[in-house]
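If you're matching them up, the sequences are chains A and B in order.
Residues in the first sequence are numbered consecutively from 4, following our numbering.
Residues in the second sequence are numbered consecutively from 704, following our numbering.
Note sheet for the following structure.
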Amino acid sequence: MFPSFPSGWRRVVVTAAFAAAIVAVVALNRRAAGRVADGGEEPIRLREVTHESGIDFVHRPATLDPQLAHIAAHVAALGACVSVTDVNNDSWPDLYFTTSRFGVPNALYINQRDGTFRDEAAEAGVAALNRPGDGVSMGAVWGDYDNDGFEDLLVYKWGYPQLLHNLGNGRFHDATAGSGLRHWMNSNGAVWLDFDRDGLLDLYVTGYFRSDIDLWHLSTTRIMQHSWDFASNGGKNLLFKNVGNGRFEDVTDVMGVGSTRWTLAAAAADFNDDGWPDLYLANDYGPEELFLNHAGKRFALARAGLEDDSKSGMAVAVGDVFNRGRHDVFVTNISERGFLFQGNNLRINFLKELGRFDEIATGVVADAGWAWGAQFGDLNNDGLLDLVVTNGFISADTGRDYWYAMSKIAGAQGNIFEDAKNWPPIGSASLSGYERSRVLLNRGRTGFVDVAEEAGVVDLLDGRSVALADLFNRGTLDVVIANEKGRALLYRNAEHPGHWVAFKLIGTRSNRSAIGADVTVEFGGVRQRQVVDGGEGFCSQNDRRLHFGLGDQRLGRVTIRWPSGTEQVLNGLAADRLHVITEPR
Amino acid sequence: MRRLDPKYLIVFLITLVLVVGEARYNILGGYDRLASALGTCLATEVLLSRLLRGRVANLSSAYITGISLALLIKPQANILWPFVLGGFLAIGSKYVLTYRGRHLWNPSNFAIALLLLAAADSVAVLSHQWGNDLRINLVIWAFGLAVASRARVLHVTLTYVVCFLLFAVLRNAIVGGPLLAELAPITGPMYQLFVFFMVTDPRTTVSARRGRIVVVAIVALVETVIRLAGDFQLALWRPLYPSPPLLALAIVGPIAMWWDLHRQAQSGAAPN
Chain A
4 MFPSFPSGWR RVVVTAAFAA AIVAVVALNR RAAGRVADGG EEPIRLREVT
54 HESGIDFVHR PATLDPQLAH IAAHVAALGA CVSVTDVNND SWPDLYFTTS
104 RFGVPNALYI NQRDGTFRDE AAEAGVAALN RPGDGVSMGA VWGDYDNDGF
154 EDLLVYKWGY PQLLHNLGNG RFHDATAGSG LRHWMNSNGA VWLDFDRDGL
204 LDLYVTGYFR SDIDLWHLST TRIMQHSWDF ASNGGKNLLF KNVGNGRFED
254 VTDVMGVGST RWTLAAAAAD FNDDGWPDLY LANDYGPEEL FLNHAGKRFA
304 LARAGLEDDS KSGMAVAVGD VFNRGRHDVF VTNISERGFL FQGNNLRINF
354 LKELGRFDEI ATGVVADAGW AWGAQFGDLN NDGLLDLVVT NGFISADTGR
404 DYWYAMSKIA GAQGNIFEDA KNWPPIGSAS LSGYERSRVL LNRGRTGFVD
454 VAEEAGVVDL LDGRSVALAD LFNRGTLDVV IANEKGRALL YRNAEHPGHW
504 VAFKLIGTRS NRSAIGADVT VEFGGVRQRQ VVDGGEGFCS QNDRRLHFGL
554 GDQRLGRVTI RWPSGTEQVL NGLAADRLHV ITEPR
Chain B
704 MRRLDPKYLI VFLITLVLVV GEARYNILGG YDRLASALGT CLATEVLLSR
754 LLRGRVANLS SAYITGISLA LLIKPQANIL WPFVLGGFLA IGSKYVLTYR
804 GRHLWNPSNF AIALLLLAAA DSVAVLSHQW GNDLRINLVI WAFGLAVASR
854 ARVLHVTLTY VVCFLLFAVL RNAIVGGPLL AELAPITGPM YQLFVFFMVT
904 DPRTTVSARR GRIVVVAIVA LVETVIRLAG DFQLALWRPL YPSPPLLALA
954 IVGPIAMWWD LHRQAQSGAA PN
């Protein structure tokens with residue numbers, strides 16, 4: 004009377020194969036998480052020194068229109084960001100953090116050159132930027148837009164972006180009025196680039212929510228994405244051309260880069276090696292986009308293998324993963340057990356050979372939970388770029404989870420969830436909370452392994468933004484993380500035996516920040532390429548000094564391709580030091 | 704004129720879903736997934752039917768199962784083994800998990816339920832990459848209802864839809880929040896595949912029309928229980944609530960089939 008299994012030897016074989024297949028499912032599933040460290044390589048050792056470094060920054064989230072109260076924890080879960088610069092040209096990197104609540108100040112931590120920092124944002128005039136009517140900060144990027152030798156600050160907001168001119172005396176002047184940048188945007192990203200190579204930094208600002216939405220005074224609750232996969236009803240990205248004298252012109256439509264795909268992050272680099280900086284976008288609720296720059300005259304959306312995948316792109320990190328002299332791309336996405344495996348993308352650049360990127364992420368690279376910020380950097384000076392990934396969306400009540408509630412509407416028709424009032428209330432629930440950050444050690448062709456715990460990165464805060472910099476001028480990259488609704492973290496790296504070399508570039512014909520400059524370093528039969536970034540990752544910017552680990556190899560030829568197009572070849576440079584290189588005139 | 708076998712209408716419908724979804728939204732996420740699932744299902748059907756029954760079975764069922772798996776399984780990263788093993792287990796279940804010569808689970812439902820429960824670190828089901836586009840879904844629903852009518856299983860589909868809507872109202876009364884949030888799931892693509900290709904599968908539904916109506920109502924009821932467990936965050940039930948309808952069918956379907964076959968055995972009737 005019970006279900007019978009087939010009899011006879013053939014049936015025994017089939018039944019055994021069937022059972023073996025079930026066992027194989029279980030066994031293969033256990034390997035899904037990927038590999039963790041098993042020793043054998045130069046370890047990464049990071050020590051959290053936030054408090055002893057004098058950094059006590061805590062992010063506060065935005066408080067929005069009461070009509071969004073039932074999902075406020077979800078909607079307002081952005082804005083904890085960090086960017087690195089050298090504000091006072093003392094050759095010691097400084098840190099700028101943003102927070103997102105009215106009346107709460109942003110922080111500018113000036114490096115005291117003794118292992119500590121001091122918040123001087125208020126004296127500098129870059130603290131009190133979160134004001135009703137003006138909006139709240141969502142991140143910042145640094146660039147010397149007027150080539151006066153001092154790094155200026157662009158703070159993008161849910162509200163009006165602010166351009167703050169560095170006066171060089173420790174103070175900033177709000178240069179927004181008259182700059183042409185005062186456009187209300189709900190922005191979560193911006194990147195400086197010189198798209199037309201005229202020596203002046205231009206600005207690309209991304210839009211998330213539509214720009215006609217004032218999140219504190221809603222005229223409608225139909226403000227959300229109309230698709231979880233192919234949404235195009237986000238804020239319009241804007242490209243501003245720097246026309247000199249502190250003025251910018253909106254050239255978005257002329258240049259063809261006005262995506263409305265809920266862009267969360269952008270990075271600029273010359274991905275196709277034609278000498279012009281391109282734009283790579285990570286879009287929430289949609290496919291990534293690569294806009295190739297055609298000689299500074301227009302951008303064109305490339306078909307580069309990105310359009311097949313629709314995910315929730317949240318950060319763009321640019322790095323030469325296998326030392327091929329190419330800019331590869333890492334884009335963070337969401338993975339949640341049982342519910343959703345979008346997986347992070349590690350896209351290897353084959354634009355020159357095949358006209359596309361190849362996506363190769365597996366294991367620990369693909370699944371970093373609900374991943375946000377990410378950066379490439381050689382954390383152990385072994386000559387390969389490692390990855391730091393921050394993650395965790397909403398850490399709240401550990402006994403309540405919003406995933407099931409969100410899944411009710413995630414597969415539904417767009418016109419249902421486009422209206423915020425139809426969303427189930429999140430209450431005190433968590434959503435992919437309490438996730439640990441990832442430190443992924445690059446072992447070359449054998450892939451990445453997760454060494455976070457061994458390295459000492461064990462926090463469970465809701466990481467958003469990560470930036471890398473040699474904060475203490477020791478020849479090793481330190482890690483700074485900004486956490487949503489939480490305290491910022493500074494991880495001091497141990498010194499490593501491998502050789503290294505670093506470059507600070509000063510443009511002359513190019514923009515003075517040298518943003519967009521490509522540096523290729525040859526060592527041990529390989530060549531690694533890095534670009535001076537004007538903002539990358541998620542709402543972050545690394546130190547614009549470029550750091551190369553060399554392992555036990557000797558430093559070979561160094562080639563700098565300046566944004567102006569000038570190519571400079573340097574031989575015989577010493578390793579284990581920072582080189583300050585000025586562009587030949 | 705000879706009437707077209709309804710199973711070929713189902714073949715047509717799922718092919719339509721595949722073509723529209725792929726052309727418009729790249730829903731597969733790679734043709735290697737389709738090749739793995741479909742290839743494994745067809746090969747397994749040929750092999751097992753030849754091995755155990757001495758003849759190659761009609762491949763329409765394997766075709767439907769292969770495409771269903773390719774559409775529904777969303778694996779971590781670029782892994783292909785869920786399509787291969789899922790395909791083998793789906794078709795294998797037809798030959799291994801039988802009672803009185805009849806298989807008890809809808810093949811794709813069995814494979815997906817097993818993968819969801821045993822491989823949650825590797826597999827999720829379709830919940831995205833469909834565009835959330837009303838027009839395309841209306842086309843699929845229109846064709847689906849027409850095909851279900853021709854296949855004489857419209858009563859199953861409609862019973863499930865009505866029960867889902869009634870239970871959604873009930874859930875809303877219990878848990879509160881927006882009513883549309885409770886109604887929303889049935890407007891999504893996973894439910895299209897569920898109501899047209901799984902819950903109506905004639906080989907795994909009970910013999911009597913009234914029995915089929917009762918069974919599908921129980922499926923909707925069990926789904927509601929799982930959903931309420933999700934709303935009230937019952938930790939032990941968490942493995943079930945990423946995909947309540949598929950798992951409800953995986954629980955109720957074989958019990959109903961076994962009971963129906965057992966009842967027929969007691970009455971001396973041959974299985975239908």
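Backbone N, C-alpha and C fix where the C-beta goes; we use that ideal spot for every residue, glycine too.
8 Å contact criterion, which residue i and residue j should meet: CB distance rounded
i	j	result
PHE60 (chain A)	ALA491 (chain A)	4 Å
GLY346 (chain A)	LEU267 (chain A)	With 8 Å as the limit, GLY346 (chain A) and LEU267 (chain A) do not qualify as a contact, their Cβ atoms being about 17 Å apart.
ILE1 (chain A)	PHE120 (chain A)	Nothing about residue 1 (chain A) can be read from this structure; chain A reaches only from 4 to 588.
ILE794 (chain B)	PRO810 (chain B)	6 Å
GLY146 (chain A)	TRP195 (chain A)	4 Å
Contact check, residue i vs residue j, beta carbons under 9 Å
i	j	result
THR747 (chain B)	PHE813 (chain B)	no
LEU837 (chain B)	ASN418 (chain A)	yes
LEU593 (chain A)	LEU549 (chain A)	There is no way to answer for residue 593 (chain A), as the model of chain A reaches only from 4 to 588.
VAL324 (chain A)	PHE251 (chain A)	no
SER338 (chain A)	TRP375 (chain A)	no
LEU493 (chain A)	VAL87 (chain A)	no
THR263 (chain A)	LYS239 (chain A)	yes
LEU204 (chain A)	LEU184 (chain A)	no
TRP784 (chain B)	LEU388 (chain A)	no
Residues of its chain near residue i, where Cβ-Cβ distance is below 6 Å and the 5 sequence neighbours each way are ignored
i	result
LEU668 (chain A)	Lying outside 4 to 588, the shown extent of chain A, residue 668 (chain A) is not represented and no answer is given.
GLY1 (chain A)	Nothing about residue 1 (chain A) can be read from this structure; chain A reaches only from 4 to 588.
LEU741 (chain B)	GLY769
ALA505 (chain A)	ARG548, HIS550 and LEU581
Simplified DSSP assignment, three categories, for residue i
i	result
SER752 (chain B)	helix
GLY510 (chain A)	coil
MET704 (chain B)	Confidence at MET704 (chain B) is low in this model, with a pLDDT of 49, below 50, so the placement of that residue should be treated as unreliable; the coordinate-derived value is given next. DSSP places MET704 (chain B) in coil when its eight states are reduced to three.
PRO778 (chain B)	strand
SER190 (chain A)	coil
TRP808 (chain B)	coil
VAL759 (chain B)	coil
THR365 (chain A)	coil
MET4 (chain A)	Note that MET4 (chain A) scores a pLDDT of 49, beneath 50, so its modelled location is shaky; the value from the coordinates is reported in the next line. MET4 (chain A): coil per DSSP, three-state reduction.
TYR99 (chain A)	strand
ASN352 (chain A)	strand
ARG874 (chain B)	helix
ALA895 (chain B)	Looking at the sequence shown, residue 895 (chain B) is not Ala but Gln. It is helical.
GLU570 (chain A)	strand
ARG14 (chain A)	helix
ASN245 (chain A)	strand
THR209 (chain A)	strand
HIS297 (chain A)	strand
Chain-order list of residues whose beta-carbon lies under 8 Å from that of residue i (same chain, five-residue window excluded)
i	result
LEU882 (chain B)	ALA871, VAL872 and ASN875
ARG225 (chain A)	GLU421, ASP422 and ALA423
PRO96 (chain A)	VAL87, THR88, ASP89, ASN114, ALA472, ASP473, LEU474, ASP546 and ARG548
ASP331 (chain A)	VAL321, GLY322, ASP323, VAL324, PHE325, LEU349, ARG350, ILE351, ASN352 and PHE360
ASP579 (chain A)	GLY478, HIS502, TRP503 and VAL504
LYS404 (chain A)	Correcting the residue type first, residue 404 (chain A) is Asp in the shown sequence and not Lys. Answer for ASP404 (chain A): ALA432, SER433 and LEU434, listed in chain order.
LEU931 (chain B)	ARG874, ILE877 and VAL878
ILE584 (chain A)	PHE506, LYS507, LEU508, ILE509, ILE563, GLN571 and LEU573
Sequence-distant residues of its chain with Cβ nearer than 7 Å to residue i (five each side left out)
i	result
GLN816 (chain B)	The identity of residue 816 (chain B) in the sequence shown is Ala, whereas the question assumes Gln. Closer than 7 Å at Cβ, skipping near neighbours: LEU949, LEU950 and ALA953.
LEU295 (chain A)	ASN275, ASP281, PHE302, ALA303 and ALA305
ALA318 (chain A)	ALA268, ALA285, VAL334, THR335, TRP375, GLY376, ALA377, GLY540 and PHE541
TYR798 (chain B)	LEU751 and LEU755
Should the segment 384 to 395 of chain A be regarded as contacting the segment 437 to 447 of chain A, the criterion being three or more beta carbon pairs within less than 8 Å?
The segment 384 to 395 of chain A is in contact with the segment 437 to 447 of chain A.
Between the segment 150 to 167 of chain A and the segment 482 to 499 of chain A, do at least 3 Cβ pairs fall closer than 8 Å?
Note that the segment 150 to 167 of chain A does not touch the segment 482 to 499 of chain A; fewer than 3 beta-carbon pairs, one per stretch, sit closer than 8 Å.
Decide yes or no for the touch test of the segment 62 to 74 of chain A against the segment 443 to 460 of chain A: beta carbon pairs closer than 8 Å, at least 3 of them.
Fewer than three Cβ pairs drawn from the segment 62 to 74 of chain A and the segment 443 to 460 of chain A lie within less than 8 Å of each other, which leaves the two stretches out of contact.
Quick check: the segment 511 to 530 of chain A against the segment 548 to 567 of chain A, are at least 3 beta-carbon pairs closer than 8 Å?
Result yes; three or more Cβ-Cβ pairs closer than 8 Å.
Quick check: the segment 899 to 914 of chain B against the segment 851 to 859 of chain B, are there 3 or more CB pairs under 8 Å?
The segment 899 to 914 of chain B is in contact with the segment 851 to 859 of chain B.
For the structure I just gave you, are there three or more beta carbon pairs, one from the segment 837 to 853 of chain B and one from the segment 798 to 809 of chain B, closer than 8 Å?
No, the segment 837 to 853 of chain B is not in contact with the segment 798 to 809 of chain B.
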